[in-house]
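Colleague: In this note's numbering, the protein residues as written are -9 to 400. No residue lacks a Cβ here, since even glycine has one placed at the ideal position from N, Cα and C.
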Ligand SMILES: Cc1cc2nc3c(=O)[nH]c(=O)nc-3n(C[C@H](O)[C@H](O)[C@H](O)COP(=O)(O)OP(=O)(O)OC[C@H]3O[C@@H](n4cnc5c(N)ncnc54)[C@H](O)[C@@H]3O)c2cc1C
């Protein structure tokens, strides 16, 4: 049973999902404590491509992907790698991933993602206004480019499903690509322009600004690792115990372990991904550009050009391996005029991913006051604020305005 009266709420995880949930709960008058073991804005929500991807409804599991995996793994520039010792642990997730690549499942999963994406921008705007962070968002759209007609033909299914899900985009010609992004080399013949998308100039700093707004609103921050719970009303950390009425688990790909303590098993693992920060080229890009042929994103950030790439299946523990990401820097240098390959910094992040691409959002079975918000995967930065808003709606007993059955837990 939900309860509209103000209560004590404990939110675990200070990534985009957790800080958003904390802010929305605080806006409802609850006494909120946010638990984060690291600094805000340094984890998975820090180093992403920064795209608020309202159009991003296509899951990673698409028809035919299982057959393409061996080729992807063999290709030194391929988008996928696996840490083999982790394979036995990953197997159930992988089997489910393959099942979810059936065409009918893909369409259902895309529609479920689209329903959340449709209301994502409104939730972002509420928090951006509260945090005074408008300068960190660019309202310009996002471009995806293809080198030739053959590579663009591979996008046919994606385009069809995006249309079916009512995504906002337009197909653009070579000339239009040049007008949109004069800094791109004139080698791209086809493109998709997502004019409903926008982008963040520094995702990590945005999370920090949200955390500052939470503190300014009287929220409590506990910098400690949550180790477990006593029933549904006590959060245990490495150094203490905290009583609460509501628990929100928003710990990204680390949520699986915490949820298990309530007797619930979820299909949540991580798709690891890398970034390399480069100096801005002489003529910089106007906004993020996806190089479809290489599964690479180039995102102009406040502090340089960010190259993001890779899906590495290997769990949360294995150390980073930057070999492939570094290889990509030289490989895609042709794409941007004046591209500078000097590495400024690098990063490994952990996308919290379900096999279907559809996140978990709701109360845990048998625990009406314990909520889970995790699994945004490739669009987790986009879905963070709306997930937080919906958790607050559920706590308050309000209608979230979205059918939550696709995101059910258990
Ligand atoms: C290369 C790359 C590019 C990406 N690009 C985009 C993009 O352009 N657009 C987009 O929408 N998404 C993108 N993503 C995905 C997005 O970054 C993630 O889905 C999103 O950041 C997940 O946010 P989260 O808050 O759910 O989890 P996280 O950011 O992982 O936050 C979870 C937090 O919980 C904390 N935590 C975990 N366990 C505990 C514990 N026991 N006690 C206390 N604290 C704990 C962690 O320290 C962490 O800070 C990208 C991801 C990668 C890797």
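Give the DSSP bridge partners of residue 219, in chain order.
Modeller: Here residue 219 is taken as the residue at index 229 of the chain shown, counted from 1. Paired residue(s): 225.
Colleague: Which whole-angstrom value is the C-beta distance of residue 135 and residue 174, which I expect to be below 8 Å?
Modeller: As a first step, residue 135 must be located in the chain shown, where it is residue number 145. As a first step, residue 174 must be located in the chain shown, where it is residue number 184. So it is a contact: roughly 7 Å between Cβ atoms.
Colleague: Checking 9 Å against the spacing of the C-beta atoms, do residue 286 and residue 274 come in under that value?
Modeller: Taking the first residue of the chain shown as 1, we reach residue 286 at position 296. Taking the first residue of the chain shown as 1, we reach residue 274 at position 284. No, these two residues do not count as a Cβ contact at 9 Å.
Colleague: Can you tell me whether residue 331 is buried or exposed? The criterion is at least 16 other CB atoms within 10 Å of its CB, across all chains shown.
Modeller: Position 341 of the chain shown holds residue 331. It counts as exposed.
Colleague: What did DSSP end up calling residue -9 once you bin it into helix, strand or coil?
Modeller: As a working note, residue -9 is residue 1 in the chain shown. At residue -9 the pLDDT is 47, less than 50, meaning the model places this residue with poor confidence; the figure from the coordinates comes in the next sentence. If DSSP states are grouped into helix, strand and coil, residue -9 belongs with coil.
Colleague: Within a Cβ cutoff of 6 Å, which residues of the same chain sit near residue 224, ignoring the five residues on either side of it in sequence?
Modeller: Along the chain shown, read from residue 1 onward, the residue named residue 224 stands at position 234. Once the five neighbours on either side are set aside, the close Cβ partners of residue 224 are 231, 233.
Colleague: Cβ atoms of residue 33 and residue 461: under 9 Å apart, would you say?
Modeller: For the chain, the structure presents residues -9 to 400; residue 461 sits outside this window and is missing.
Colleague: Mind checking whether residue 158 and residue 44 have CB atoms under 9 Å apart?
Modeller: On the chain shown, position 168 is the one that residue 158 refers to. On the chain shown, position 54 is the one that residue 44 refers to. Yes, these two residues count as a Cβ contact at 9 Å.
Colleague: Which ranges does the alpha helix (DSSP H) cover as unbroken runs of at least 4 residues, wholly within the segment 310 to 389, from first to last along the chain?
Modeller: 313 to 321, 370 to 386
Colleague: Express the C-alpha separation of residue 329 and residue 271 in angstroms, rounding to a whole number.
Modeller: Your numbering for residue 271 matches position 281 in the chain shown. Your numbering for residue 329 matches position 339 in the chain shown. Looking at the two C-alpha atoms, the distance is approximately 5 Å.
Colleague: Taking the straight line between their C-alpha atoms, what separation do you get for residue 115 and residue 78?
Modeller: Stepping through the chain shown from its first residue, residue 115 is reached at position 125. Stepping through the chain shown from its first residue, residue 78 is reached at position 88. Those two C-alpha atoms are separated by around 42 Å.
Colleague: Spell out the partners DSSP gives residue 71 in its beta bridges.
Modeller: Locating residue 71 in the chain shown gives position 81, counting from the first residue. For residue 71, which the question treats as bridged, DSSP gives the partners 302.
Colleague: With a threshold of 8 Å, establish whether the CB of residue 364 neighbours any heavy atom of ligand 1.
Modeller: Here residue 364 refers to the residue found at position 374 when the chain shown is read from its first residue. For ligand 1, at least one heavy atom lies less than 8 Å from the Cβ of residue 364.
Colleague: Under the rule that 16 or more other beta-carbon atoms within 10 Å means buried, what is residue 63, buried or exposed?
Modeller: Counting from 1 along the chain shown, the entry for residue 63 is found at position 73. Result: exposed.
Colleague: Label residue 344 either buried or exposed according to how many other C-beta atoms from any shown protein chain fall within 10 Å of its C-beta, with 16 as the threshold for buried.
Modeller: Taking the chain shown and counting its residues from 1, one reaches residue 344 at position 354. With 16 or more other Cβ atoms within 10 Å, it is buried.
Colleague: From what residue to what residue does the beta strand (DSSP E) around residue 267 run?
Modeller: Here residue 267 corresponds to residue number 277 of the chain shown, with the count starting at 1. Unbroken beta strand (DSSP E) run through residue 267: 259 to 268.
Colleague: Between which two residues does the alpha helix (DSSP H) containing residue 36 stretch?
Modeller: Locating residue 36 in the chain shown gives position 46, where the first residue counts as 1. First-last for residue 36: undefined, no H or E at that position.
Colleague: Do three or more CB pairs link the segment 303 to 311 to the segment 361 to 373 at distances below 8 Å?
Modeller: no
Colleague: According to the Cβ coordinates, are residue 29 and residue 212 closer than 9 Å?
Modeller: In the chain shown, counting from the first residue as 1, residue 29 sits at position 39. In the chain shown, counting from the first residue as 1, residue 212 sits at position 222. It is not a contact, given that the beta carbons lie outside the stated cut-off.
Colleague: Report the partner residues of residue 294 according to the DSSP bridge assignment.
Modeller: Looking up residue 294 in the chain shown gives position 304. According to DSSP, residue 294 bridges with 291.
Colleague: Any idea which residues DSSP pairs residue 233 with across the strands?
Modeller: Position 243 of the chain shown, counted from the start, is the residue given in the question as residue 233. Answer by DSSP bridge pairing, in chain order: 224.
Colleague: Would you grab the beta carbon distance between residue 241 and residue 3 for me? Rounded to a whole angstrom, and I think it's under 8 Å.
Modeller: Within the chain shown, the letter at position 251 stands for residue 241. Within the chain shown, the letter at position 13 stands for residue 3. That belief holds up - the Cβ atoms of residue 241 and residue 3 are roughly 4 Å apart, short of 8 Å.
Colleague: When every heavy atom of ligand 1 is checked, does at least one fall within less than 8 Å of the C-beta of residue 7?
Modeller: Numbered from its first residue, the chain shown carries residue 7 at position 17. Under cutoff, so the answer is yes.
Colleague: So, are the CB atoms of residue 195 and residue 31 less than 9 Å apart?
Modeller: In the chain shown, counting from the first residue as 1, residue 195 sits at position 205. In the chain shown, counting from the first residue as 1, residue 31 sits at position 41. Closer than 9 Å, so yes.
Colleague: Under a three-way DSSP split, which group does residue 181 fall into?
Modeller: The sequence position of residue 181 within the chain shown is 191, counting from 1. Of the three classes helix, strand and coil, the one that applies to residue 181 here is strand, per DSSP.
Colleague: So the alpha helix (DSSP H) residue -2 belongs to, where does it begin and stop?
Modeller: Numbered from its first residue, the chain shown carries residue -2 at position 8. Per DSSP, residue -2 belongs to no alpha helix (DSSP H); it is in the beta strand (DSSP E), -2 to 2.
Colleague: Enumerate in chain order the residues of its own chain whose CB-to-CB distance from residue 382 is below 6 Å, with the five nearest sequence positions on each side excluded.
Modeller: Within the chain shown, residue 382 is the residue found at index 392, counting from 1. These residues qualify, in order along the chain: 14, 15, 18.
Colleague: Taking 8 Å as the threshold, find out whether the segment 65 to 81 comes into contact with the segment 146 to 165 through three or more Cβ pairs.
Modeller: no
Colleague: For residue 145 versus residue 282, is the C-beta spacing smaller than 9 Å?
Modeller: Residue 145 sits at position 155 when you count from the first residue of the chain shown. Residue 282 sits at position 292 when you count from the first residue of the chain shown. The answer is yes: Cβ separation under 9 Å.
Colleague: Mind checking whether the beta-carbon of residue 38 lies closer than 8 Å to any heavy atom of ligand 1?
Modeller: Numbered from 1 along the chain shown, position 48 holds the residue referred to as residue 38. At a cut-off of 8 Å, the beta-carbon of residue 38 counts as near ligand 1: some heavy atom of the ligand is closer than that.
Colleague: What number of angstroms, rounded off, separates the C-alpha of residue 250 from the C-alpha of residue 218?
Modeller: Numbered from 1 along the chain shown, position 260 holds the residue referred to as residue 250. Numbered from 1 along the chain shown, position 228 holds the residue referred to as residue 218. One C-alpha to the other measures close to 10 Å.
Colleague: What separation, rounded to the nearest whole angstrom, lies between the Cα atoms of residue 86 and residue 206?
Modeller: Taking the first residue of the chain shown as position 1, residue 86 is located at position 96. Taking the first residue of the chain shown as position 1, residue 206 is located at position 216. The straight-line gap from Cα to Cα measures roughly 43 Å.
Colleague: For residue 126, verify whether its CB is less than 8 Å away from any heavy atom of ligand 1.
Modeller: Position 136 of the chain shown holds residue 126. No, ligand 1 has no heavy atom inside 8 Å of this Cβ.
Colleague: Along the chain, where does the beta strand (DSSP E) that runs through residue 188 open and close?
Modeller: Taking the first residue of the chain shown as position 1, residue 188 is located at position 198. Start and end: 188 to 190.
Colleague: Is any heavy atom in ligand 1 found nearer than 8 Å to the beta carbon of residue 18?
Modeller: As a working mapping, residue 18 is identified with position 28 in the chain shown. False, no ligand heavy atom lies under 8 Å from that Cβ.
Colleague: Using CA coordinates, which residue listed in 216, 193, 58, 117 is at the minimum distance from residue 289?
Modeller: Taking the first residue of the chain shown as position 1, residue 289 is located at position 299. Across the set 216, 193, 58, 117, the C-alpha of 193 shows the shortest separation from the C-alpha of residue 289.
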